[in-house]
Amino acid sequence: MRNLFISRVYARASHAPAGAGAYFFCYTGYDFVPYKEFFAASRTWAECLPSAPIARRLIVLIVAQNPYAALIAFFGALSRGAIPVILPGVKALGGIDAVLTTVRHWVGEFG
Numbered sequence: 082m083r084n085l086f087i088s089r090v091y092a093r094a095s096h097a098p099a100g101a102g103a104y105f106f107c108y109t110g111y112d113f114v115p116y117k118e119f120f121a122a123s124r125t126w127a128e129c130l131p132s133a134p135i136a137r138r139l140i141v142l143i144v145a146q147n148p149y150a151a152l153i154a155f156f157g158a159l160s161r162g163a164i165p166v167i168l169p170g171v172k173a174l175g176g177i178d179a180v181l182t183t184v185r186h187w188v189g190e191f192g
C-alpha cells in the first residue's frame, strides 16, 4: 500500500481481537461491524478503482446512503492513493438533480 497511514490502520485492524469493531448508525438503529470485516470490504471496494498515477492524484467523490458505505469507500480510496471527498447523501442534498449539480461543480473546479 502506498499510504503509510492506511497501511498502519489495516495492520492494526488485522491484529484486533475477534470481537473488536465499530457501531454504525443506520435507519433501524445501530449495526456492529467487526474491524476485519470492515477493512476487507474496503479492500474489495478499492480493487474497483484504478491505481492513481503519481503525477496526478485520483479524486473520488463519494455519495453514499449511509455512514458505513461512505467509510468503506473512504478507506478504499485512501488505500489506492486517491483523494476521497465525501459529499452529503442524495436526500440531504435535495435529490438526484442536486447531487449531479454538486458533482458537476466539483468536477469543474478540480476536474
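Going by this note's numbering, the first residue of the sequence shown is number 82, and it counts up by one from there. Each residue gets a CB set at the ideal place from its N, CA and C atoms; glycine is no exception. Predicted model, so just to flag it, every value in this text is computed and none were measured.
Residues that residue i bridges to, as DSSP identifies them
i      : result
Cys107 : Gly110
Pro115 : Gly102
Spatial neighbours of residue i in its chain, beta-carbon cut-off 8 angstroms, leaving aside the 5 residues before and after
i      : result
Leu130 : Leu139, Val141, Gly157, Ala158, Arg161, Ala163
Tyr108 : Asn147
Outcome for residue i when other beta-carbon atoms lying within 10 angstroms are tallied against a minimum of 16
i      : result
Ala101 : exposed
Ala151 : buried
Phe86  : exposed
Ile153 : buried
Thr182 : exposed
Pro165 : buried
Tyr111 : exposed
Glu118 : exposed
Phe120 : buried
Tyr91  : buried
Ala127 : buried
Assumed close pair residue i, residue j - CB separation to whole angstroms, cut-off 8 angstroms
i      : j      : result
Val144 : Val171 : 7 angstroms
Val114 : Tyr149 : 7 angstroms
Own chain residues within Cβ distance below 7 angstroms of residue i, not counting five before or after
i     : result
Arg93 : none
Proximal residues to residue i (C-beta, below 6 angstroms), its chain only, five neighbours per side dropped
i      : result
Ser273 : The structure shown does not extend to residue 273, since the chain is modelled only from 82 through 192, so no value can be given for it.
Ala97  : Tyr116
Quiz item: In chain order, which continuous runs of the beta strand (DSSP E) of length 3 or greater are located wholly inside the region 140-170?
Solution: 140-144, 164-168
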